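The next block holds one structure in the form of structure tokens; read it before the comments.
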Amino acid sequence: MKRIGIICYPTQGGSGIVATELGLELAKLGHQVHFISYRRPFRLDRIYPNTHFHQVEVSEYPLFEYPPYSLALTSKIVDVATRSGLDLVHAHYAIPHAASAWMAQQMLSERLPVISTLHGTDITLVGQDPSYLPVTRFTLAHCQALTAVSDFLVAETHRVFGAELEIQRIHNFVDTEEFQPRHRPELRACFALPDERILLHVSNFRPVKRIPDVLAIFARLAVAHPVRLVLAGLGPERNAAKEQAQELGVAERVHFIGNQESIVDLMSVADLYLLPSQTESFGLSALEAMSCGVPVLASRVGGLPELIDDGETSFLCPLGDVEAFAEQGRRLLADRDLYHRMSAAARAVAVERFAIERILPQYLEAYERVLA
Ligand code: GMT
Numbered sequence: 056m057k058r059i060g061i062i063c064y065p066t067q068g069g070s071g072i073v074a075t076e077l078g079l080e081l082a083k084l085g086h087q088v089h090f091i092s093y094r095r096p097f098r099l100d101r102i103y104p105n106t107h108f109h110q111v112e113v114s115e116y117p118l119f120e121y122p123p124y125s126l127a128l129t130s131k132i133v134d135v136a137t138r139s140g141l142d143l144v145h146a147h148y149a150i151p152h153a154a155s156a157w158m159a160q161q162m163l164s165e166r167l168p169v170i171s172t173l174h175g176t177d178i179t180l181v182g183q184d185p186s187y188l189p190v191t192r193f194t195l196a197h198c199q200a201l202t203a204v205s206d207f208l209v210a211e212t213h214r215v216f217g218a219e220l221e222i223q224r225i226h227n228f229v230d231t232e233e234f235q236p237r238h239r240p241e242l243r244a245c246f247a248l249p250d251e252r253i254l255l256h257v258s259n260f261r262p263v264k265r266i267p268d269v270l271a272i273f274a275r276l277a278v279a280h281p282v283r284l285v286l287a288g289l290g291p292e293r294n295a296a297k298e299q300a301q302e303l304g305v306a307e308r309v310h311f312i313g314n315q316e317s318i319v320d321l322m323s324v325a326d327l328y329l330l331p332s333q334t335e336s337f338g339l340s341a342l343e344a345m346s347c348g349v350p351v352l353a354s355r356v357g358g359l360p361e362l363i364d365d366g367e368t369s370f371l372c373p374l375g376d377v378e379a380f381a382e383q384g385r386r387l388l389a390d391r392d393l394y395h396r397m398s399a400a401a402r403a404v405a406v407e408r409f410a411i412e413r414i415l416p417q418y419l420e421a422y423e424r425v426l427a
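Quick note, the numbering used here runs 55 ahead of the 1-based positions in the sequence shown.
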């Protein structure tokens, strides 16, 4: 049994989900898992044996225009490590988690090994911002182990932060028992008539998700097919998306439903999942859709080709080419055989390659290495 500290964002983004699901699986194996964050992670929604939550409290002071979260987090890591005897700390998302973990390690005379998992925008966007780049570079070089969620992200990290970094690729995973095809007519009826198909997109509505493309693809499909679009999540581009839906004349068929507790319920009502992102280091929501037997229309970017076999398990389309997305969507909506084949193949690949049982041993092995 090990005592493991997991530092993560508590929000509905993929890095927080991966960190929480990983922690819960470790706890099932009997490890003591200590989550450290500014709020209870959203999938840590009830009492789970062997898990503990430690809230980082950031004190306000009139002098602080920007209260120093990274320092409060460091203090909390030191406190939890000392009281609970942590064997190692696992930081999810480099900024500022890996940096705070490194600082805590120094304060504990290097007795606390740090493993950091890179998730995507911590390398591809935020980590390259001059405000964070030197600290990110330093902390990546000083972790005892680094993992990244795709080969794409390993390569991108090498390109930006140096080829000498040792990074293990550990793909993201899904709980295929929880995320499985379900027949939920009563939920579907909340959004669509029986003969209508439902397209789904779930995100944080940031520019990287290309929400205007989601709507443009939907509007093209809506010309000839009885379809609905369900948009789940909150974020800066949500209001603009509502305006765009009006302009495109599809507003009555688009449902903005905000953040949802249960993504699996949403996947159960969807016929197609749209992910036309600018970049996606992995695309966890696409994997969750596939595990539920929902084919995905995604951009051919980042780590998505590692997850999607184009034309077999889902479709990959050129970035920004909304007509190409719509064309593949039309094929899937028109051809029931193709749809069912692809749906089954998507589910099969989730089970065979990305089920939690396949991925967890890779993290356990990384922990053994840092402890050795
Ligand atoms: O999608 C986001 O912008 C959120 C971000 C996060 O850190 O929560 O997601 C990143 O990490 C996920 C989990 O590893 C990946 O599945 C997403 O592809 C990645 N997002 C991007 O690379 C844009």
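Even glycine gets a Cβ: it sits at the ideal position worked out from N, Cα and C.
Everything numeric in this text was worked out from a predicted model, so none of it was measured.
Excluding sequence positions up to five before and after residue 227, its CB lies within less than 6 Å of the CB of 73, 204, 337, 339, all in the same chain and listed in chain order. Collapsing the DSSP output to three states places residue 160 in a helix. Take residue 371, set aside five residues on each side of it, and the residues of its chain with a beta-carbon closer than 8 Å to its own are 353, 354, 355, 359, 360, 363, 365, in chain order. Residue environment: residue 322 is assigned as buried (16 or more neighbouring CB atoms within 10 Å of its CB, all protein chains considered). With contact defined as three or more Cβ pairs closer than 8 Å, the segment 210-229 and the segment 407-415 are in contact. The beta carbon of residue 75 lies closer than 6 Å to those of 96, 98, 99 in the same chain, with the five residues before and after it left out.
The residue among 286, 131, 325 with its C-alpha nearest the C-alpha of residue 347 is 325.
As DSSP reads the structure, residue 226 sits in no beta bridge.
One alpha carbon belongs to residue 291, the other to residue 259, and they sit about 8 Å apart. Looking at the DSSP output, residue 327 shares a beta bridge with 254. Under the three-state reduction of DSSP output, residue 288 falls in the coil class, being neither helix nor strand.
In the DSSP annotation of this structure, the continuous segment of the alpha helix (DSSP H) that includes residue 208 starts and ends at 206-216. Proximity to residue 247 across 213, 307, 152, 264 peaks at 307, based on C-alpha coordinates.
In the structure shown, the three-state DSSP call for residue 364 is coil.
Residue 186 sits exposed, since fewer than 16 C-beta atoms from the chains shown fall within 10 Å of its C-beta.
For the pair residue 123 and residue 155, the Cα-to-Cα distance works out to about 11 Å. Counting C-beta pairs with one atom in each stretch, the segment 196-211 and the segment 383-393 have fewer than three that are closer than 8 Å, which means they do not touch. Of the heavy atoms belonging to the ligand GMT, at least one sits nearer than 7 Å to the Cβ of residue 174.
Of the residues 67, 91, 56, 261, the one whose Cα lies closest to the Cα of residue 316 is 67. It is roughly 42 Å from the alpha-carbon of residue 101 to the alpha-carbon of residue 389. A contact is defined here as three or more CB-CB pairs under 8 Å, and the segment 296-306 fails this definition with respect to the segment 156-172. DSSP lists no beta-bridge partner residue for residue 114. Residue environment: residue 116 is assigned as exposed (fewer than 16 neighbouring CB atoms within 10 Å of its CB, all protein chains considered). Nearest C-alpha to residue 284 among 294, 261, 327: 327.
Within the model, the alpha-carbon separation for residue 239 versus residue 218 is close to 48 Å. By the neighbour-count criterion, in which 16 or more other beta carbons inside 10 Å mark a residue as buried, residue 335 falls on the buried side. Minimum Cα-Cα distance from residue 330 among the listed residues 344, 319, 158, 318 corresponds to 344. For residue 265, the CB contacts under 7 Å within the same chain, skipping 5 residues up- and downstream, are 331, 332, 333 in chain order.
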